[in-house]
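J.: Quick one: this structure, given as structure tokens, is what I'll be asking you about.
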Amino acid sequence: MYAGIPAPARENANSCLAVHFLRFASHLTLPRPREKFRRMCTRRFPTTFLFIALAPALAFIGCPAAESAAPRPRQVAVPPAKIPFPYESLDVRNSCFVESVHFYDAYQQWRATASDGGDAGWARVLQWGHLDDTSAVGLGHAVALCMDNGKLWMYDVNFGLSKLSVPASRRGDLTDVGPEVYAKYPQINAVLGRYRDDAGRISPAAAPAPFLENDKNEDIRDATRVASELGRFRRARVFLFDYKDSRGRMRHGAATAFSFSNRLCVYFPDKGTHLSSRMRAVAVEDLRVMRGLTRRIYPGVLDVRWLEAAPPPDAKMAGTSGP
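When we follow full-length UniProt numbering, the leftmost residue of the sequence shown carries the number 1, and every step to the right adds one.
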């Protein structure tokens with residue numbers, strides 16, 4: 001490469017190459033992953049295109065990553081605050097989104113019946129995704145935010161109720177609210193945070209499904225628990241399905257379809273909540289949509305059917321098989 005070039009020139013060339021290499025390496029390694037991703041989002045791609053490209057990865061809000069990656073800290077500086085209204089947790093698996101919706105409903109019901117002369121209240125569900133080291137967006141988390149006595153509060157299924165330091169006037173700005181919320185999960189690279197509101201919720205067409213708390217199938221217990229609570233304020237239906245696991249064994253599952261923020265949401269107890277970006281709330285009543293969605297998640301699914309108010313024989317069979 002340096003044939004015919006005098007030694008001083010070769011040394012100068014080597015120095016220049018080293019300098020250029022160090023500059024190039026520093027350009028690659030100095031920016032933190034979050035800064036690099038933010039720069040890519042804001043300079044190279046339109047915001048709309050970025051959201052469309054990454055939205056499929058946010059289809060599930062299952063929270064296993066959030067809950068396993070960020071367990072409850074050993075030392076808690078401030079214990080959870082007391083919830084100012086009657087509230088009972090759903091106590092189901094992968095529950096961050098459905099638990100946030102459940103708290104949202106309880107808060108709205110409390111404010112609607114309050115006689116203290118206060119404001120009508122304000123509540124939102126905040127959801128976000130997780131950006132991993134490969135720049136892929138995976139399972140994130142969801143919490144509920146609300147106003148009480150002029151202060152902004154957050155309810156998290158992992159941490160309970162806590163007061164935020166963000167001024168009430170900035171409650172709608174995620175650039176202010178987001179960092180304080182995400183700080184509880186330092187292992188999660190939070191992206192695509194978004195508020196969801198159910199102000200235009202559709203009244204339930206029928207009484208909510210009963211909670212089958214004595215069923216031997218854990219999926220049926222969790223799905224009916226979610227439907228019995230969320231179904232008090234919106235359309236919610238439970239459906240059953242049969243599928244084969246990775247070992248070829250027959251399993252019996254259950255899921256809850258409900259509406260929130262005028263979107264179809266489907267809670268799978270062992271997967272989390274699928275929040276559709278295309279299907280509207282009316283799709284809750286469409287069994288064909290449930291079949292298509294379930295087959296995408298469980299490729300070996302054999303049958304999908306509604307769970308009626310009185311569980312049919314196959315639902316009882318599903319409960320006796322166990323995992």
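Every residue, glycine too, gets a C-beta built ideally from N, C-alpha and C.
Between Leu164, Asn149, Gly193 and Tyr104, which lies nearest to Leu131 when the distance is taken from Cα to Cα?
T.: Gly193
J.: By DSSP, does Tyr243 sit in helix, in strand, or in coil?
T.: Three-state DSSP puts Tyr243 in a strand.
J.: Should Val125 and Ser100 be called a contact, given that it needs their Cβ atoms to be closer than 7 Å?
T.: A contact, by the Cβ cut-off of 7 Å.
J.: Cα-Cα, which of Phe233, Thr256 and Tyr195 is closest to Arg221?
T.: Thr256
J.: Per DSSP, what kind of secondary structure is Gln127 in: helix, strand or coil?
T.: strand
J.: Tell me whether the beta-carbon of Pro210 lies closer than 7 Å to the beta-carbon of Arg93.
T.: no
J.: Closest by CA to Phe103, which one among Thr113, Ala114 and Pro86?
T.: Pro86
J.: Cα separation between Phe45 and Cys265?
T.: Confidence is the limiting factor: at Phe45 the pLDDT is only 40, short of 50, which leaves the residue's position unreliable, though a coordinate-based value still follows. Phe45 and Cys265: Cα-Cα distance of roughly 29 Å.
J.: Decide yes or no for the touch test of the segment 103-114 against the segment 274-292: beta carbon pairs closer than 8 Å, at least 3 of them.
T.: no
J.: Which whole-angstrom value describes the C-beta separation of Arg196 and Phe260, a residue pair presumed to lie in contact below a C-beta threshold of 8 Å?
T.: Separation of the CB atoms of Arg196 and Phe260 is rounded to 7 Å, and the pair is thereby assigned contact status at 8 Å.
J.: Could you say which of Trp110, Ser135 and Asp133 lies nearest to Ala123 if we only look at CA atoms?
T.: Out of Trp110, Ser135 and Asp133, Trp110 has the C-alpha closest to the C-alpha of Ala123.
J.: Between which two residues does the beta strand (DSSP E) harbouring Tyr267 extend?
T.: The continuous beta strand (DSSP E) containing Tyr267 extends over residues Arg263 to Phe268.
J.: Which class does Gly178 belong to by DSSP, given the choice of helix, strand or coil?
T.: helix
J.: Between which two residues does the beta strand (DSSP E) holding Leu152 run?
T.: Lys151 to Asp156
J.: Phe258 by DSSP, collapsed to three states: which one?
T.: It is a strand residue.
J.: Would you report the Cα separation of Gly248 and Leu307, rounded to the nearest angstrom?
T.: Looking at the backbone, the Cα of Gly248 and that of Leu307 are separated by about 25 Å.
J.: Within 10 angstroms of the Cβ of Glu213, are there 16 or more other Cβ atoms? Answer buried if so, exposed if not.
T.: exposed
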